[in-house]
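Q: Our numbering applies: residue 547 is where the sequence shown begins, and numbers increase by one.
Note that the Cβ used here is the ideal one computed from N, Cα and C, for glycine as well.
None of these values were measured; they are calculated from a predicted model.
Just dropping this structure here.
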Amino acid sequence: MAALLLGLSCEGLAAGKPAKAASKQADPETIKLVEFFVQAPVADLPPEAVPYFMEVDTGALPTRLLHRYLAKRVELQSLKRLAEGKGKGSLRRLGQDPQTTCGDPDILTPQALGLLRKMGFNEYKDTEVSFLMKETSCTQCELRSEFTLTVIQLQAKPGRKRPAVRFLFRDDDPIIALLAHYYSGTRPRNTSFFGIGGSPKCRY
Numbered sequence: 547m548a549a550l551l552l553g554l555s556c557e558g559l560a561a562g563k564p565a566k567a568a569s570k571q572a573d574p575e576t577i578k579l580v581e582f583f584v585q586a587p588v589a590d591l592p593p594e595a596v597p598y599f600m601e602v603d604t605g606a607l608p609t610r611l612l613h614r615y616l617a618k619r620v621e622l623q624s625l626k627r628l629a630e631g632k633g634k635g636s637l638r639r640l641g642q643d644p645q646t647t648c649g650d651p652d653i654l655t656p657q658a659l660g661l662l663r664k665m666g667f668n669e670y671k672d673t674e675v676s677f678l679m680k681e682t683s684c685t686q687c688e689l690r691s692e693f694t695l696t697v698i699q700l701q702a703k704p705g706r707k708r709p710a711v712r713f714l715f716r717d718d719d720p721i722i723a724l725l726a727h728y729y730s731g732t733r734p735r736n737t738s739f740f741g742i743g744g745s746p747k748c749r750y
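So, in structure tokens, the structure goes:
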């Protein structure tokens, strides 16, 4: 897993872009690689191939692979952030200026969104995201870079002027536990001492 995450770090993890019309389909080797990545468990993925996988042109993929590719890419991005967060302690951005620029949302198909729900992601309301921003002293961009918030923009349906936006977190993201206080109307009791223990935050 550590080697796989190193491959992800080298790749840079740019936000997903909408599929573009391609002049030709991806070559057989690329198709074979994508087929393997979308089927294999994360632990079995070859780290050296991760950068190439993350940069595959979505417009060159056949429909049968596109939805699974988009979901797998989001999954790998989120796993990278979870792993990196474990080594940062409870205060993820102490002493740093708030991050306010984080790129565009991931452009997904409804089918890819459905796959993510089966891969350990759940959808949350904007009010729930706002609560987490307040309790963690994180901007929305910091929830995206330090935790597993994934902002999804679905392709606009015919007759709709604006595409739908969805907010997702992985179930195993540690800050999701804070939402129990949102639902019950109670205040979180943060027992951290100088950034040790307690619910993870960006800053005091």
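Quick check: the segment 690 to 708 against the segment 634 to 650, are there 3 or more CB pairs under 8 Å?
A: Yes, since at least three Cβ pairs between the segment 690 to 708 and the segment 634 to 650 fall closer than 8 Å, the two stretches touch.
Q: How is THR696 classed by DSSP in three states: helix, strand or coil?
A: In this structure, THR696 counts as strand in the three-state DSSP scheme.
Q: Measuring straight from C-alpha to C-alpha, what distance separates MET498 and THR685?
A: Nothing about residue 498 can be read from this structure; the chain reaches only from 547 to 750.
Q: Would you mind stating whether VAL580 and LEU611 have Cβ atoms separated by less than 8 Å?
A: Contact: yes.
Q: For the alpha helix (DSSP H) that TYR750 lies in, which residues bound it at each end?
A: No alpha helix (DSSP H) holds TYR750; DSSP gives it neither H nor E.
Q: Here's the rule I'm using: 16 or more other beta-carbon atoms within 10 Å means buried, otherwise exposed. How should GLN623 be labelled?
A: Counting Cβ neighbours within 10 Å, GLN623 comes out buried, since at least 16 surround it.
Q: Would you call the CB atoms of PHE667 and PHE599 closer than 8 Å?
A: No; because the gap between Cβ atoms is not below 8 Å, this pair is not in contact.
Q: For ARG712, which of helix, strand or coil comes out of DSSP?
A: In this structure, ARG712 counts as strand in the three-state DSSP scheme.
Q: Can you tell me whether LEU640 is helix, strand or coil according to DSSP?
A: It is coil, neither helix nor strand.
Q: Pull up the distance between the alpha-carbon of LYS703 and that of ILE653, whole angstroms please.
A: Near 13 Å, if we compare the C-alpha coordinates of ILE653 and LYS703.
Q: Is there at least one non-hydrogen atom of the ligand ZN closer than 7 Å to the beta-carbon of VAL584?
A: Among the components of this structure there are no ligands whatsoever, and the ligand ZN is therefore not found.
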